[in-house]
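Here is the structure we will look at.
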Amino acid sequence: MAELDDKIAALDQEAEARADETLRRINVALKLNAPKLKGKKIPPNVKRLMEWKNALEYWKERYGGESNDVEFMAERLASFYEICTHLK
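Counting with this note's numbering, you get residues 984 to 1071 for the letters of the sequence shown.
Set out below in structure tokens:
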């Protein structure tokens, strides 16, 4: 069981790192596309970036922080992958 707990903890850390990196990249992309956001019609690819950003920020707000509880880490990990598959 300890092996499974270690694997969940490692995957949880990887998911958190991916979320941070993805948010950083999305913020850069949105800053580069700032003139497009001021127009009346926002391009679909920029809307998609905004959806990703909102979902990941919600995930970090709800599940962020340190935890040693394996069940919580598993729930956080499942939620992250659910967001990824939903917004793909």
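Backbone N, C-alpha and C fix where the C-beta goes; we use that ideal spot for every residue, glycine too.
Let me know the alpha helix (DSSP H) ranges lying completely inside the region 984 to 1061, each 4 residues or longer, listed in chain order.
985 to 1015, 1017 to 1020, 1027 to 1046
Determine the closest residue to ALA1061 out of ASP989, LEU1032, ALA998, with distance taken between C-alpha atoms.
Looking up residue 1061 in the sequence shown gives position 78. The residue with the shortest Cα to Cα distance from ALA1061 is ALA998.
Do LEU1013 and LEU1039 have their CB atoms nearer than 8 Å?
Counting from 1 along the sequence shown, the entry for residue 1013 is found at position 30. Counting from 1 along the sequence shown, the entry for residue 1039 is found at position 56. In this structure, LEU1039 does not lie closer than 8 Å to LEU1013 by Cβ.
Between ALA1002 and LEU987, what straight-line distance do the alpha-carbon atoms span, to the nearest angstrom?
The count along the sequence shown starts at 1 and reaches residue 1002 at position 19. The count along the sequence shown starts at 1 and reaches residue 987 at position 4. For ALA1002 and LEU987, the distance between alpha carbons rounds to 22 Å.
Given MET1056 as reference, the closest of MET984, ILE991, ALA985 once Cα atoms are compared:
Within the sequence shown, the letter at position 73 stands for residue 1056. Of the candidates MET984, ILE991, ALA985, the one whose C-alpha sits nearest the C-alpha of MET1056 is ILE991.
Here's a check: name, in chain order, each residue in its chain whose Cβ is nearer than 8 Å to the Cβ of GLU1049, leaving out the five neighbours to either side.
Counting from 1 along the sequence shown, the entry for residue 1049 is found at position 66. None.
Looking only at its chain, what residues have a beta carbon closer than 7 Å to the beta carbon of LYS1043, apart from the 5 residues adjacent to it on each side?
Taking the first residue of the sequence shown as position 1, residue 1043 is located at position 60. The answer, listed in chain order, is ALA1002.
Look at the alpha carbon of GLU1004 and the alpha carbon of TYR1064, and state the distance between them as a whole number of angstroms.
By one-based count along the sequence shown, residue 1004 stands at place 21. By one-based count along the sequence shown, residue 1064 stands at place 81. Going from the Cα of GLU1004 to the Cα of TYR1064 covers about 15 Å.
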